[in-house]
Amino acid sequence: MPRLRLSTDHVKFIIWILKQLGVTNVPNFKTFRHKQAQLNRAMPIQTQLKRSPRGPVFYQNNIRDLLALDWANPECRASLEEYPVRSAITSESCHSQKWTRDIPAHIQAPMWANGRQHFFLGELTQLDNLQLVVPLAWYRKETHGNVFFEAYEVAWTGNVPQCTSTSRLEYPCSRLFANVYELTDYGVHLSDHGTCGSSANPLRVESQGRRMYSSFVKIWVDDVSGNRSKQYNEHSNVYFAHANLPHQKLSQEYFIHFVSTSNHASPGDQLNAVVQDVQSPRWTQAFDCEIQEEILIQTVPLFEPADNPQQSDTCLHMGLKGNLWCRRCKLGGPERLRETDAVYEQHFAPAELRKAPETLAMVKAQLDQAARGVAKSVQELQTQSGVKDRLAEYWVEQLLTRAQGEHQRRIYNVNTRDERLKARKVTNRVALVESIKQEIHDEVMAWLYTQPSHTYDALPVDSPLRTQLRPGDHFNMLLQLDGTFGDMHDDTPVEILHTYLLGMAKYAWHYTNTPWTLKQCELFAIRLQSASIVGLSIPPLRAGYMLQYRNGLIGKHFKALQQLAIFQLDESLCDRRVIDLWNATGELGSYLWYHEIENMDHYVRDVEVLIANLLDIWSLLDPRRVFVKPKLHILTHIVEDIWRHGPAGLYATEIFECFNAVFRLCSVLSNHQAPSRDIAVAVAGLTRFKYQVSGAWWRDEGGDYVHAGIRVREYFDNAQLQRRLGFTVAGTVKPKPRSTAVSWRSLAIDTEEVDTVRGMKKWLACTSVIAEQGESCPVGAWVFVDHEGGTRFGRIKLILRPESAAESSPCVVLERFTIWDDRHAFFQMPQVVRSEGAKHFVVDSQDVLFMANVQHNCHDGKCKTTGTRRRRQERIETDITEVFVEHRDDDSFIINMHALHNGALLRKILPRTLTEPRPYIQDRVTAHKEMAAKLRASQETKRAKEAKARKDRDTARAAEKAAAQQAPGVENTDVEVLVDVPAM
Numbered sequence: 001m002p003r004l005r006l007s008t009d010h011v012k013f014i015i016w017i018l019k020q021l022g023v024t025n026v027p028n029f030k031t032f033r034h035k036q037a038q039l040n041r042a043m044p045i046q047t048q049l050k051r052s053p054r055g056p057v058f059y060q061n062n063i064r065d066l067l068a069l070d071w072a073n074p075e076c077r078a079s080l081e082e083y084p085v086r087s088a089i090t091s092e093s094c095h096s097q098k099w100t101r102d103i104p105a106h107i108q109a110p111m112w113a114n115g116r117q118h119f120f121l122g123e124l125t126q127l128d129n130l131q132l133v134v135p136l137a138w139y140r141k142e143t144h145g146n147v148f149f150e151a152y153e154v155a156w157t158g159n160v161p162q163c164t165s166t167s168r169l170e171y172p173c174s175r176l177f178a179n180v181y182e183l184t185d186y187g188v189h190l191s192d193h194g195t196c197g198s199s200a201n202p203l204r205v206e207s208q209g210r211r212m213y214s215s216f217v218k219i220w221v222d223d224v225s226g227n228r229s230k231q232y233n234e235h236s237n238v239y240f241a242h243a244n245l246p247h248q249k250l251s252q253e254y255f256i257h258f259v260s261t262s263n264h265a266s267p268g269d270q271l272n273a274v275v276q277d278v279q280s281p282r283w284t285q286a287f288d289c290e291i292q293e294e295i296l297i298q299t300v301p302l303f304e305p306a307d308n309p310q311q312s313d314t315c316l317h318m319g320l321k322g323n324l325w326c327r328r329c330k331l332g333g334p335e336r337l338r339e340t341d342a343v344y345e346q347h348f349a350p351a352e353l354r355k356a357p358e359t360l361a362m363v364k365a366q367l368d369q370a371a372r373g374v375a376k377s378v379q380e381l382q383t384q385s386g387v388k389d390r391l392a393e394y395w396v397e398q399l400l401t402r403a404q405g406e407h408q409r410r411i412y413n414v415n416t417r418d419e420r421l422k423a424r425k426v427t428n429r430v431a432l433v434e435s436i437k438q439e440i441h442d443e444v445m446a447w448l449y450t451q452p453s454h455t456y457d458a459l460p461v462d463s464p465l466r467t468q469l470r471p472g473d474h475f476n477m478l479l480q481l482d483g484t485f486g487d488m489h490d491d492t493p494v495e496i497l498h499t500y501l502l503g504m505a506k507y508a509w510h511y512t513n514t515p516w517t518l519k520q521c522e523l524f525a526i527r528l529q530s531a532s533i534v535g536l537s538i539p540p541l542r543a544g545y546m547l548q549y550r551n552g553l554i555g556k557h558f559k560a561l562q563q564l565a566i567f568q569l570d571e572s573l574c575d576r577r578v579i580d581l582w583n584a585t586g587e588l589g590s591y592l593w594y595h596e597i598e599n600m601d602h603y604v605r606d607v608e609v610l611i612a613n614l615l616d617i618w619s620l621l622d623p624r625r626v627f628v629k630p631k632l633h634i635l636t637h638i639v640e641d642i643w644r645h646g647p648a649g650l651y652a653t654e655i656f657e658c659f660n661a662v663f664r665l666c667s668v669l670s671n672h673q674a675p676s677r678d679i680a681v682a683v684a685g686l687t688r689f690k691y692q693v694s695g696a697w698w699r700d701e702g703g704d705y706v707h708a709g710i711r712v713r714e715y716f717d718n719a720q721l722q723r724r725l726g727f728t729v730a731g732t733v734k735p736k737p738r739s740t741a742v743s744w745r746s747l748a749i750d751t752e753e754v755d756t757v758r759g760m761k762k763w764l765a766c767t768s769v770i771a772e773q774g775e776s777c778p779v780g781a782w783v784f785v786d787h788e789g790g791t792r793f794g795r796i797k798l799i800l801r802p803e804s805a806a807e808s809s810p811c812v813v814l815e816r817f818t819i820w821d822d823r824h825a826f827f828q829m830p831q832v833v834r835s836e837g838a839k840h841f842v843v844d845s846q847d848v849l850f851m852a853n854v855q856h857n858c859h860d861g862k863c864k865t866t867g868t869r870r871r872r873q874e875r876i877e878t879d880i881t882e883v884f885v886e887h888r889d890d891d892s893f894i895i896n897m898h899a900l901h902n903g904a905l906l907r908k909i910l911p912r913t914l915t916e917p918r919p920y921i922q923d924r925v926t927a928h929k930e931m932a933a934k935l936r937a938s939q940e941t942k943r944a945k946e947a948k949a950r951k952d953r954d955t956a957r958a959a960e961k962a963a964a965q966q967a968p969g970v971e972n973t974d975v976e977v978l979v980d981v982p983a984m
């Protein structure tokens, strides 16, 4: 199992124990391994040998086989979305602009089926009212809802069907009556002139009566250590997720697929192999377990999530040390140029965007210049563009060596030069040399076309690819990926773990704590440990640890700081602008972790304001910050990514990082003679087991589709097995140990009205209630509830259920609080105060909507670290005391708008006046010019000091040298003196 890998010794020991216990029918080890191999062959996942054009070899699990298994697995198939969803709400990849608009319709979804009746795009079709139409696109309006289509209406002009209008009309698919073949059966004559859907879609020939769907994939690539120890054992790994599944499913390891690993082949080499598998053949046979039929699927790369260095490599970019250092746009230049007003301003927004055709042209230009033997020209092209393809660079080095060698032999060497150059009188010698250089260039390029030999030899003799540069052989396959699939520059979205948590939050934390004294660190730790984490969905805080190792924190620590730091800071720890920095960081972070976007226009405008605020505050603190921290500029590109790919959480990489644990367990149990093959085969075996116990179907030796028996499939119902396979089901609340039933009167509930119905029953206390959002809300949690036709906010005091379940439904008693109409001046967040009058109100348990995180208003209450308590260690209260923050009241609180959990719901339910982002600087252009001027002044002062220091060092060295030369009788101390030592 993925999370419980067993070595050979473990298996042999378990078999021995079973036999010692007298268990019957226990196979020996050899029989056990033989059965495993037999089962692996029964559900084929091809592990194929791949060879990089640069030479390294590696093994890869076929991506099409793995996708086909998802369609055959009941645990996956029920959740797969077959069509794009044109919804006003964006929460899944199938809602994204790329899926629903940018990709051509025949890639999104080529057909729709009504049982055995199949309808394809671009064909003449009849509606139930006999109107002829030509479908142009299939889509849904909600996930797994009814299917609709866009179409042109058609009328007959003579014997030729003609479109009556260029406007697209919408129809439900339920109105489709006859497809193109049925119209022919009805006597409709169709020509082959391609006039307005008058011919059948060519995909019908490919389908052979089978349904056809598109499987979209998110491909992840990164460098990972194959060891569990601290010693680094570099491997480049490729995983993918099936984007047709909802994000809730893709947040589980069960739905992540392993493709390949290698400590020799680069990530680009492995991606090239993946793309080759995707493109040829285009369609793959699969079994749809829902309709119990064979189908055809095509694989479509959606985007490639990764950290910034890997995405830079995927985009064939030189990296952050290049002159044009942004992988997404052409921002950059010499430092003095970047300090000018115009270029400095460009750091706060995307510059001219990079496009794959331009990158391809630049790579080909570099190969062309290398074939001319001019290394300087190649370097200048790379510097000017920031483009550097690792695969093309391999050939550039060989082309330079060959071309320069030929130049030396045929032009510059007097003995071997071209006979035409040996003549005493040469007419137009310069032109002759240039023609010889062109001949060498053509010969070297002709040699390149024949490389690598194993792929060149496999090409047909008459193939045009034999005389041109080929993607995957001479340059990265992504550059010539079918344009219908997208552009690698647009499809490497900004990743929030590495760019935001390990970028913005990490920068703010370092800037804040660097000047702190030990006493200030202790104060912040006490305050942070006293913060409430109810409603944040984060693990318990270890504030002391975080401050002790404040320069070595990881993502989970920065996620906690991003949400809570603002409540622990005041003027005793930092100045007001640093507090504003944390406010901007926390607020933007809450927006970026939205799981659902209801209004894309409003959301994007808010994100743009918040990004501008964050960058402006950083530049006010340090105008040079946008130079030395490229992630600040890279963050501006996330707006384009949200438009194109949806909420940033859809391309987060945490789940892929989690799957690294499965890879490492396979790696450490390999003998490392063929690690790429061993690991690929091992994970294929894990996948086979996972899908067989899940009830997936596969073709047996007789050609029939079968699945495991009921006894095997029942294993998957076991929660322990599910957990070890990385599959989770929404949990249920653990009941509180049975307590004594009490009367309503004894609970002393102070409400506005007397509840006579509940007052007649006896009640039992509960520990938590499940909100409408599916989350567990404990006693003391702050929740929004439906109450008397409106929405109210309060803190849970009691959760009660009647002594007899048949008497009434459970109820929740809440303390009454009021949300003020104005934001708090310091925190810029909504304020909550205890309401006057009755202390409580009561709602039914099903009226609880969702939970919010609320912090005590210690800023106004002037709460001090005066409380003491006994510290718990090893689950025991010790005699050691620890200090905590003692709140001076229980009436004034702040709703935490930096919370990631339920951030979208919180802003939806609160008035816009309390949540709308406000620009930190109104006239940004003028402010940026002032920052640029301040930067130029500081940089000139810095350069002058550095120049003076260099001059002083040179002067001192010259003076020392002159003094040494003029001193009389001074021997050269660099001469070794040999002394004869008499023999003993």
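Numbering-wise (full-length UniProt numbering), the sequence shown opens with residue 1 and increments by one.
Quick reminder that beta carbons are idealized off the backbone N, C-alpha and C, glycines included.
Since this is a predicted model, take the numbers as computed values, not measurements.
When the five nearest sequence neighbours on each side are left out, the beta carbons in the same chain lying within less than 6 Å of the beta carbon of residue 480 are those of 471, in order along the chain. Sorting 533, 539 and 964 by C-alpha distance to the C-alpha of residue 852 places 533 at the top. Collapsing the DSSP output to three states places residue 744 in coil.
In the three-state DSSP reduction, residue 94 falls in the helix class (H, G or I). Here residue 792 has 785 as same chain residues with Cβ atoms under 6 Å from its own Cβ, once five neighbours each way along the sequence are excluded. By the CB criterion at 7 Å, residue 659 and residue 253 fall inside the cutoff. Unbroken alpha helix (DSSP H) runs of no fewer than 4 residues, entirely contained in the segment 445–528, are found at 453–458 and 506–513, following chain order. In this structure, the CA atom of residue 25 is about 15 Å from the CA atom of residue 34. Contact between residue 426 and residue 420 holds, with the beta-carbon distance rounding to 7 Å and staying under 8 Å.
Considering only 632, 110 and 519, the residue with the shortest C-alpha distance to residue 498 is 632. DSSP places residue 602 within a helical segment (H, G or I) once states are collapsed to three.
Annotation: residue 566 to residue 262 spans about 44 Å, alpha carbon to alpha carbon. Rounded to whole angstroms, the separation of the alpha carbons of residue 475 and residue 396 is 10 Å. Here residue 531 is buried: its Cβ has 16 or more other Cβ atoms, across all protein chains shown, within 10 Å.
Fully contained in the segment 664–698 are the following alpha helix (DSSP H) runs of length 4 or more, in chain order: 675–693.
Judged by DSSP in its simplified three-state form, residue 889 adopts coil rather than helix or strand.
Beta-bridge analysis with DSSP links residue 705 to 699. Going by C-alpha positions, residue 38 is about 11 Å away from residue 688. Looking at the DSSP output, residue 794 sits in a beta bridge with 783 and 816. In this structure residue 477 is in contact with residue 275, their Cβ atoms being roughly 4 Å apart against a cut-off of 8 Å.
By the C-beta criterion, the segment 41–53 is judged to be in contact with the segment 675–692, since at least 3 inter-stretch pairs fall below 8 Å. DSSP, read as helix, strand or coil, puts residue 851 in strand. Of the candidates 610, 519, 954 and 636, 519 places its Cα closest to the Cα of residue 865. The alpha-carbon separation between residue 867 and residue 619 amounts to approximately 39 Å. In this structure, the straight-line span from the alpha carbon of residue 701 to that of residue 311 is close to 43 Å. In the pairwise beta carbon analysis, the segment 141–148 is classified as not touching the segment 121–128: fewer than three pairs are separated by under 8 Å. Secondary structure of residue 325 (DSSP, three-state): coil. Residue 894 and residue 831 do touch by the CB rule: their CB atoms are close to 6 Å apart, below 8 Å. DSSP, reduced to helix, strand and coil, places residue 938 within a helical segment of the structure shown. In the DSSP annotation of this structure, the continuous segment of the alpha helix (DSSP H) that includes residue 377 starts and ends at 375–385. A direct Cα-to-Cα measurement between residue 258 and residue 623 gives close to 44 Å. In the structure shown, residue 824 adopts coil according to DSSP, grouped into three states. Under the 10 Å beta carbon count, residue 130 is surrounded by fewer than 16 other beta carbons and is classified as exposed.
By the Cβ-count criterion, residue 10 is exposed, with fewer than 16 other Cβ atoms from all chains shown falling within 10 Å of its own Cβ. In the DSSP assignment, residue 51 is bridged to 57.
Residues 318, 319, 331, 332, 386 and 630 of the same chain have their beta carbon placed closer than 8 Å to that of residue 325, with the five preceding and five following residues left out of the count.
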